[in-house]
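Q:
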Amino acid sequence: RFRVGVLASGTGSNLQAILDRVHGRAADVVAVGSDKPGAQALARAEALGIATATFPGAEYADREARDTAMAAWLLEQGVQLVVLAGYMQLVSAAFLGRFPQRVINVHPALLPAFPGIRAVEQALEYGVKVFGVTVHFVDAGVDTGPVILQRALELPEVREADEVRARLRPVEHDLLTSAVALIARGAVRPDPVHPRFVSVEVQ
Ligand code: GAR
Numbered sequence: 004r005f006r007v008g009v010l011a012s013g014t015g016s017n018l019q020a021i022l023d024r025v026h027g028r029a030a031d032v033v034a035v036g037s038d039k040p041g042a043q044a045l046a047r048a049e050a051l052g053i054a055t056a057t058f059p060g061a062e063y064a065d066r067e068a069r070d071t072a073m074a075a076w077l078l079e080q081g082v083q084l085v086v087l088a089g090y091m092q093l094v095s096a097a098f099l100g101r102f103p104q105r106v107i108n109v110h111p112a113l114l115p116a117f118p119g120i121r122a123v124e125q126a127l128e129y130g131v132k133v134f135g136v137t138v139h140f141v142d143a144g145v146d147t148g149p150v151i152l153q154r155a156l157e158l159p160e161v162r163e164a165d166e167v168r169a170r171l172r173p174v175e176h177d178l179l180t181s182a183v184a185l186i187a188r189g190a191v192r193p194d195p196v197h198p199r200f201v202s203v204e205v206q
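Just so you know, UniProt numbering puts 70 at position 67 of the sequence shown, and the rest follows in order with no gaps.
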């Protein structure tokens, strides 16, 4: 089966969705890494006997050194796709070079609006009434890679970031698990003509 590695910094609800809906079916999650020792995501993986490792920034000279170690570990586990599921670090070119077109991310906004780590706060500060989720390939920029799946969610009355996040969470879980399953079965391809367009063949 198609082998997936997940990187997560926090609670890991997106990881859990992948474990519940994709793991052992469309793909196997074979490795879960984190920059944060003690991240709840690690415990979720350990509970299923999945290999875990931590790569705290303080233990490496710079991000490139950390990312080189992390990529080497993921490759050792035979990972074919890396999923950033609430991984709150940028990945360097050194990492991306080891997994060309094989790193995806879930972001709590309709990119290209509100990239970066304060996406929901910035959307609220702007006063938007339509929020959303994007799953995209990761490139060297901040949340700039080609879009795979995107879904809008109208929340005209919500003012609190935590509430927006809670309402977006199930959308994230749907889109991220779908994207992993689609990639695992080879249904996601770059458009031959339009270099940024990703065609998704839905059965
Ligand atoms: C998710 O909302 C994800 O979109 C966000 O972190 C959260 C992780 O939740 N990621 C980013 O903001 C990346 N810039 P989880 O740990 O429960 O999956």
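C-beta atoms are modelled at their ideal positions from N, C-alpha and C, and glycine is treated no differently.
Hey, how far is the Cα of Thr180 from the Cα of Arg199?
A: Roughly 22 Å between the two C-alpha positions.
Q: If we ignore side chains and look at the alpha-carbon of each, how far apart do Ser202 and Asp38 end up?
A: Between Ser202 and Asp38, the C-alpha separation is close to 32 Å.
Q: Write down every uninterrupted run of the alpha helix (DSSP H) in the segment 36 to 121 whose length is 4 residues or greater and which is fully enclosed by it, in chain order.
A: Whole alpha helix (DSSP H) segments, 4+ residues: 43 to 49, 66 to 79 and 96 to 101.
Q: Return the residue from the list Arg121, Val85, Val174 and His197 that minimises the CA-CA distance to Val183.
A: The shortest C-alpha separation from Val183 is found at Val85.
Q: Taking the beta carbon of Val35 as the centre, do at least 16 other beta carbons fall within 10 Å, making it buried, or is it exposed?
A: By the neighbour-count rule (16 or more Cβ atoms within 10 Å), Val35 is buried.
Q: Is Pro118 near the ligand GAR, judged by its Cβ being under 6 Å from some heavy atom?
A: False, no ligand heavy atom lies under 6 Å from that Cβ.
Q: Mind checking which residues open and close the alpha helix (DSSP H) that includes Glu175?
A: From DSSP, the alpha helix (DSSP H) with Glu175 extends over Ala164 to Ala187.
Q: Closest Cβ-Cβ distance between Val161 and chain C: below 7 Å?
A: Given the protein chain composition of this structure (a single chain), no chain C is represented.
Q: Any idea which residues DSSP pairs Gln153 with across the strands?
A: According to DSSP, Gln153 bridges with Thr137.
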